[in-house]
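> Residue numbers (the numbering used here): 18 to 149. Quick reminder that beta carbons are idealized off the backbone N, C-alpha and C, glycines included. Keep in mind the model is a prediction, meaning the values are calculated, not measured. Structure provided below as structure tokens; questions to follow.
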């Protein structure tokens, strides 16, 4: 199930305060084997996606009102097995997310694309690898 959320990216000007809060809360002390993916964008910065290792959530965020939706795709690196697709259609500064089962110690890959309803994803960025 997708949920609308505020975009969790650190914005300019709030970076120092957010980092301080994260350190205070212990969020920055994530084990090396549990790495978040970092924010990735599609070509032309039309969509962005992220995997958060602390919450096991995969995010998609549509950045432009252009008739396309954002889609973040997650697959296993070894066999390319489907893990999840997260789509955000609103381009309203918020994103959509899912919490799929992502096992520790497994290599995953994700990419961010744009997609029109009923069509295959296009305008995809490169696959980026992460491990939980």
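Between 60, 53, 52, 94, which lies nearest to residue 143 when the distance is taken from Cα to Cα?
60
> Can you tell me the Cα-Cα spacing of residue 109 and residue 56, whole angstroms?
18 Å
> Could you have a look at residue 109 and say whether DSSP puts it in helix, strand or coil?
coil
> To the nearest angstrom, how far is it from the Cα of residue 111 to the Cα of residue 78?
7 Å
> In chain order, which alpha helix (DSSP H) runs of at least 4 residues are fully inside the stretch 51 to 136?
none
> Starting from the C-beta of residue 62, find all residues in its chain whose C-beta is less than 7 Å away, skip the five residues before and the five after it, and write them out in chain order.
80
> Can you tell me whether residue 99 is buried or exposed? The criterion is at least 16 other CB atoms within 10 Å of its CB, across all chains shown.
exposed
> At a threshold of 7 Å, does residue 106 count as lining the ligand GTP (C-beta to nearest heavy atom)?
This structure lacks the ligand GTP; in fact it carries no ligand of any kind.
> With distances taken Cα to Cα, identify the nearest neighbour of residue 104 among 74, 122, 125.
74
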